[in-house]
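Novice:
Protein chains in written order, with the working numbering: chain A, 1 to 231; chain B, 1001 to 1551; chain C, 2001 to 2108.
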């Protein structure tokens, strides 16, 4: 039974991994904490996107005709292409994580770059789509000039507020993801990652896959509504 | 590895030991700190400043309400004042208060960790708070906002001419501060407990922080998206709540209250955590029914998500869903009541020390009970139809938020003040302040129950003359309450220089935070403690220290 | 609430390297699912179009979560976090619709 001396003696120098943060006992605890933290962040994102999706569904139940008509105004080719592009980027992201786990530096950078490439392709196609939609008069507010079915035009505008805000939020997440990918590529190139420390790449992957999942739902919701409508 | 056991409650503090305050100097060492204790102090300053700001609006309103006519403030200004009072007090004071100050400071200490899981994100939380606060301040100075803190559409989206976008953006940002704090706490509690600190050895304050963090994590994002949609509508001039294009204003209310009801549990759960700690410490007993109290925190966190539309009984929701929400609202009172029973049972035949923290908590238990029971009144649709949007509701939520949460915050601040600062506050002044706050609070808000019952509507700067006497009583109470709040500001500051130095455990309490020096060293514990005792194991501790308990 | 990491945190991260073929298989399933969902949307199945689209999207999401996000090899706690998030979202949907679907005065 000893007295505990509380001193501020300097901690003995000991060899430890350069990326082990000092408030963690070891890399394993750090890895578990960071993946758990990312999952919790993703749960907030599920509620965030889920909130606007709930609103979308309320109106879809209320205005099925207008919703189907509005979906008809979408470019299914661009939407479908984007879906495939994003799924490919998810594959490359998963492979990047795998490469980091195996300590394959160049292959990790390569797969991260491929992910960035496909992600950028998505954003490029989206931009073209947005530009076209804007010129078709489908942006809500003072620029909304679409009036092919006057009786349903107001509700089509309501749909469009969802389309623009939901895909806009999604695109914003992709832009942030692209920035993070660049950062991961730099760290990867520097040789930071290996079997004992690959957490950042893994949580990058978790974020990217989540953004993919959001689109997996947005595509059928915003592009593929089959229903009875005029025209 | 040496272990800190209960029997080693005496320990040596060498001269000249550096603690987290004296560890290094300079503004940058505080503004760029990653230490949870320093971040807690940063929050302490911020929320105190914002409490004063929120209080200013309240004082102005209460002065206006001395007379039936709207003669001090125009109705537009009055609208801005109650809006800003609500926004500042809820988003910038109550929601952060106990978690960001006491939770930040104590959580790692209580579980035997060196810091939270993500120290940099912790600092980010504070900066997000400060950015939002500065934005809010700017908006207040340049005209404020008049929608009510509830931002109901379509007034907020289409008709208000005030800074709705700015304020909702500020609320959006401060929401992320809250989310990140909750995230940090959850990961910390799951992954950074010291060896031997099993779930059921955790202090009940930690359980309360855990439950609060779940709510912060899962409710706040829905507020964020709701406000984002509101901002979209302000900018684009058309939106998803817009009736002109088929939108439903009630949808805003559903999404808003999905967060804002659980938000009240973000405010009260930490307060309940403090109550458990103080009751245990000042009765020198383990909390009666520890596991019931722990589970009830989780139950409140979950059930709190199921009741939101009791804020919407008269808004136009369907009668059937109103019945469902009313029914569910009764359930959420049960775990809260369980806690009150358990605290009371702990007090029974305990060695009760009527020191300041205990005075606040005794007040808390009584006032929270009144507030909670009046909540049940409001959950009954038939009664709610008559008293909704009256001062009855105002009194109800002030009883739980001020009589409840704020008093518990004061209790916690006093209880852990010696730990945080290494100084004791002056006990007699503190007791005086506690009594002034208790008396002032009741004089301010009890008349408001009567006013509401008699029909005085809320959010009006003028009222029928027959309500004046009760309003004057309420304002008189507010001045006593204000005096009660000013006193701690003075004596707590005074104690930093002249207070009696506190040792590591001035209360003789049980808990890992008391097993380190006051103030704690930067790294909390020199070596990771190994926990071998139960929570609140007073008998073992007192046996070790040679005391006997008067049973 | 016993947690397997109560006493001894792992010293190094627990690595599970997923075999390549699983990633390729999941990718192909996702691609097929996308084409399937497109194709089904062009056929009139009456009220069944919506549930089928939801089902396909859900299956795709579950595949991404289990395999790309490694949840199938993750801790119980990770499962709890994932399931709880969707559960909470479910609460939002169910209780909101409890209002909208019982409003007899709005004829849809």
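Just so it is clear, CB atoms sit at the ideal spot from N, CA and C, and this is done for glycine as well.
Quick one: give me the first and last residue of the alpha helix (DSSP H) that residue 1265 of chain B is part of.
Specialist: What you label residue 1265 of chain B is simply residue 265 of the second chain in a count that begins at 1. Unbroken alpha helix (DSSP H) run through residue 1265 of chain B: 1249-1283.
Novice: Would you give the residue range spanned by the alpha helix (DSSP H) that residue 1178 of chain B belongs to?
Specialist: Residue numbering aside, residue 1178 of chain B sits at position 178 when the second chain is read from its first letter. From DSSP, the alpha helix (DSSP H) with residue 1178 of chain B extends over 1164-1191.
Novice: Looking at the C-beta of residue 2038 of chain C, does it have a partner C-beta in chain A at a distance below 7 Å?
Specialist: Looking up residue 2038 of chain C in the third chain gives position 38. Yes - at least one Cβ of chain A is within 7 Å of the one on residue 2038 of chain C.
Novice: My guess is that residue 2102 of chain C and residue 1318 of chain B are in contact by the Cβ rule of under 8 Å, so how many angstroms apart are they, rounded?
Specialist: Along the third chain, one-based indexing puts residue 2102 of chain C at 102. Along the second chain, one-based indexing puts residue 1318 of chain B at 318. Going by Cβ atoms, the distance from residue 2102 of chain C to residue 1318 of chain B rounds to 4 Å, so yes, they are a contact pair.
Novice: Per DSSP, which one or two residues make a beta bridge with residue 1423 of chain B?
Specialist: By 1-based counting over the second chain, the position of residue 1423 of chain B is 423. Bridge partners of residue 1423 of chain B: B/1501.
Novice: Anything in the stretch 23-39 of chain A with a Cβ closer than 7 Å to a Cβ of chain B? List those residues in chain order, please.
Specialist: Those residues of the stretch 23-39 of chain A that come within reach of chain B (Cβ to Cβ, closer than 7 Å) are 23, 29, 32, 33, 36 and 37.
Novice: Using C-beta distances below 8 Å, list every residue in its chain close to residue 2003 of chain C, excluding the 5 sequence neighbours before and after it, in chain order.
Specialist: Here residue 2003 of chain C refers to the residue found at position 3 when the third chain is read from its first residue. For residue 2003 of chain C, the pLDDT reaches just 44, beneath the cut-off of 50, and the residue's location in the model is therefore unreliable, although a value from the coordinates is still provided. Same-chain partners within the cutoff: 2077.
Novice: Which chain D residues sit within Cβ distance under 7 Å of residue 2051 of chain C?
Specialist: Checking the listed chains, one finds no chain D in this structure; the protein chains it contains are A, B and C.
Novice: Locate the alpha helix (DSSP H) running through residue 1363 of chain B, then write down its first and last residues.
Specialist: Here residue 1363 of chain B corresponds to residue number 363 of the second chain, with the count starting at 1. Counting along the chain, the alpha helix (DSSP H) containing residue 1363 of chain B begins and ends at 1356-1379.
Novice: Nearest chain C C-beta to residue 195 of chain A closer than 7 Å, yes or no?
Specialist: The count along the first chain starts at 1 and reaches residue 195 of chain A at position 195. Closer than 7 Å to some Cβ of chain C, the Cβ of residue 195 of chain A qualifies, so yes.
Novice: Please state the DSSP three-state secondary structure of residue 2018 of chain C.
Specialist: Here residue 2018 of chain C is taken as the residue at index 18 of the third chain, counted from 1. Here residue 2018 of chain C sits in coil by DSSP.
Novice: List the residues of chain B that residue 141 of chain A touches, going by C-beta distances under 7 Å, in chain order.
Specialist: Working through the first chain from its first residue, we reach residue 141 of chain A at position 141. Chain B residues near residue 141 of chain A: 1236, 1237 and 1238.
Novice: Find the residues of chain A that neighbour residue 1187 of chain B, judging by a C-beta separation of less than 7 Å, and give them in chain order.
Specialist: In the second chain, the residue the question calls residue 1187 of chain B occupies position 187. In chain order: 33, 36, 37 and 40.
Novice: Quick one: list the residues of chain B neighbouring residue 2088 of chain C, beta-carbon separation under 7 Å, in chain order.
Specialist: Position 88 of the third chain, counted from the first residue, corresponds to residue 2088 of chain C. Correct list: 1218 and 1305.
Novice: Since residue 2099 of chain C is in the alpha helix (DSSP H), which residue starts that stretch and which ends it?
Specialist: On the third chain, position 99 is the one that residue 2099 of chain C refers to. Counting along the chain, the alpha helix (DSSP H) containing residue 2099 of chain C begins and ends at 2076-2100.
Novice: Would you mind sorting residue 224 of chain A into buried or exposed? The rule is 16 or more other CB atoms within 10 Å of its CB.
Specialist: Taking the first chain and counting its residues from 1, one reaches residue 224 of chain A at position 224. Classification of residue 224 of chain A: buried, given that the 10 Å Cβ count is 16 or more.
Novice: What is the DSSP secondary structure of residue 63 of chain A, reduced to helix, strand or coil?
Specialist: Against the first chain, residue 63 of chain A aligns to sequence position 63. Note: residue 63 of chain A maps to coil in three-state DSSP.
Novice: Restricting to runs no shorter than 4 residues, where is the alpha helix (DSSP H) found entirely within the stretch 2018-2076 of chain C?
Specialist: Runs found: 2020-2041 and 2049-2063.
Novice: For residue 2054 of chain C, return the contacting residues in chain B, with the cut-off set at a CB-CB distance below 9 Å.
Specialist: Taking the first residue of the third chain as 1, we reach residue 2054 of chain C at position 54. Correct list: empty, because the minimum Cβ distance to chain B is about 21 Å.
Novice: Check this for me: beta carbons of residue 1273 of chain B and residue 1218 of chain B, under 7 Å apart or not?
Specialist: The residue you call residue 1273 of chain B lines up with position 273 of the second chain. The residue you call residue 1218 of chain B lines up with position 218 of the second chain. No, the Cβ-Cβ distance between residue 1273 of chain B and residue 1218 of chain B is not below 7 Å.
Novice: Report the neighbours of residue 90 of chain A on chain C: residues whose CB is nearer than 7 Å to its CB, in chain order.
Specialist: For the purposes of this step, residue 90 of chain A is taken as residue 90 along the first chain, with counting starting at 1. Correct list: 2064 and 2068.
Novice: Can you give me the C-alpha to C-alpha distance between residue 1445 of chain B and residue 1398 of chain B, rounded to a whole angstrom?
Specialist: Here residue 1445 of chain B refers to the residue found at position 445 when the second chain is read from its first residue. Here residue 1398 of chain B refers to the residue found at position 398 when the second chain is read from its first residue. So the alpha carbons of these two residues sit roughly 7 Å apart.
Novice: Helix, strand or coil for residue 1390 of chain B? Go by DSSP, reduced to three states.
Specialist: For the purposes of this step, residue 1390 of chain B is identified with residue 390 of the second chain, where counting begins at 1. Residue 1390 of chain B: strand per DSSP, three-state reduction.
Novice: Tell me whether residue 1184 of chain B is buried or exposed, calling it buried when 16 or more other Cβ atoms sit within 10 Å of its Cβ.
Specialist: Residue numbering aside, residue 1184 of chain B sits at position 184 when the second chain is read from its first letter. Buried, since its Cβ has 16 or more Cβ neighbours within 10 Å.
Novice: Can you tell me which of B/1425, B/1107 and B/1516 puts its alpha carbon nearest to the alpha carbon of residue 1490 of chain B?
Specialist: For this step, residue 1490 of chain B is matched to residue 490 along the second chain. Ranking B/1425, B/1107 and B/1516 by Cα distance to residue 1490 of chain B puts B/1425 first.
Novice: With distance defined between alpha-carbon atoms, name the residue in B/1303, B/1264 and B/1352 nearest to residue 1287 of chain B.
Specialist: By one-based count along the second chain, residue 1287 of chain B stands at place 287. Taking only the C-alpha atoms, the option nearest residue 1287 of chain B is B/1352.
Novice: Where residue 1529 of chain B and residue 1155 of chain B are concerned, what is the direct C-alpha to C-alpha distance, given to the nearest angstrom?
Specialist: Stepping through the second chain from its first residue, residue 1529 of chain B is reached at position 529. Stepping through the second chain from its first residue, residue 1155 of chain B is reached at position 155. Between residue 1529 of chain B and residue 1155 of chain B, the C-alpha separation is close to 56 Å.
Novice: On the DSSP bridge assignment, give the partners of residue 194 of chain A in chain order.
Specialist: Along the first chain, read from residue 1 onward, the residue named residue 194 of chain A stands at position 194. Per DSSP, A/197.
Novice: Run through DSSP, which three-state label would residue 1457 of chain B get?
Specialist: Here residue 1457 of chain B corresponds to residue number 457 of the second chain, with the count starting at 1. Reduced to three states, the DSSP call for residue 1457 of chain B is strand.
Novice: Assuming the contact rule is C-beta atoms closer than 8 Å, residue 1091 of chain B and residue 1171 of chain B should be a hit. Round their C-beta distance to whole Å, please.
Specialist: Here the question's residue 1091 of chain B lines up with position 91 in the second chain. Here the question's residue 1171 of chain B lines up with position 171 in the second chain. Sure, about 6 Å apart at Cβ, within 8 Å.
Novice: Taking the C-alpha atoms as reference points, what is the distance between residue 1267 of chain B and residue 1100 of chain B?
Specialist: Position 267 of the second chain, counting from 1, holds the residue named residue 1267 of chain B. Position 100 of the second chain, counting from 1, holds the residue named residue 1100 of chain B. Each residue's Cα considered, the two are about 11 Å apart.
Novice: What separation, rounded to the nearest whole angstrom, lies between the Cα atoms of residue 2065 of chain C and residue 115 of chain A?
Specialist: Within the third chain, residue 2065 of chain C is the residue found at index 65, counting from 1. Within the first chain, residue 115 of chain A is the residue found at index 115, counting from 1. Their backbone Cα atoms lie some 18 Å apart in a straight line.
Novice: Whole angstroms is fine: what's the gap from residue 2093 of chain C's alpha carbon to residue 1038 of chain B's?
Specialist: Counting from one through the third chain, the residue named residue 2093 of chain C turns up at place 93. Counting from one through the second chain, the residue named residue 1038 of chain B turns up at place 38. Whole-angstrom Cα-Cα distance: 41 Å.
Novice: To the nearest whole angstrom, what separates the beta carbons of residue 2022 of chain C and residue 2067 of chain C, a pair I think is in contact under 8 Å?
Specialist: Start at 1 with the first residue of the third chain, and residue 2022 of chain C comes out as number 22. Start at 1 with the first residue of the third chain, and residue 2067 of chain C comes out as number 67. Going by Cβ atoms, the distance from residue 2022 of chain C to residue 2067 of chain C rounds to 6 Å, so yes, they are a contact pair.
Novice: Looking at C-beta atoms only, is the number of pairs between the stretch 1289-1307 of chain B and the stretch 1329-1342 of chain B that lie closer than 8 Å three or more?
Specialist: Cβ pair count under 8 Å is three or more, so yes.
Novice: For residue 12 of chain A, which residues of its own chain have a beta-carbon under 7 Å away from its beta-carbon, when the five flanking residues on both sides are left out?
Specialist: In the first chain, the residue the question calls residue 12 of chain A occupies position 12. Here residue 12 of chain A scores only 44 on pLDDT, less than 50, and its place in the model should not be relied on; the value that follows carries that caveat. Within the same chain, residue 12 of chain A has no close Cβ partners at all.
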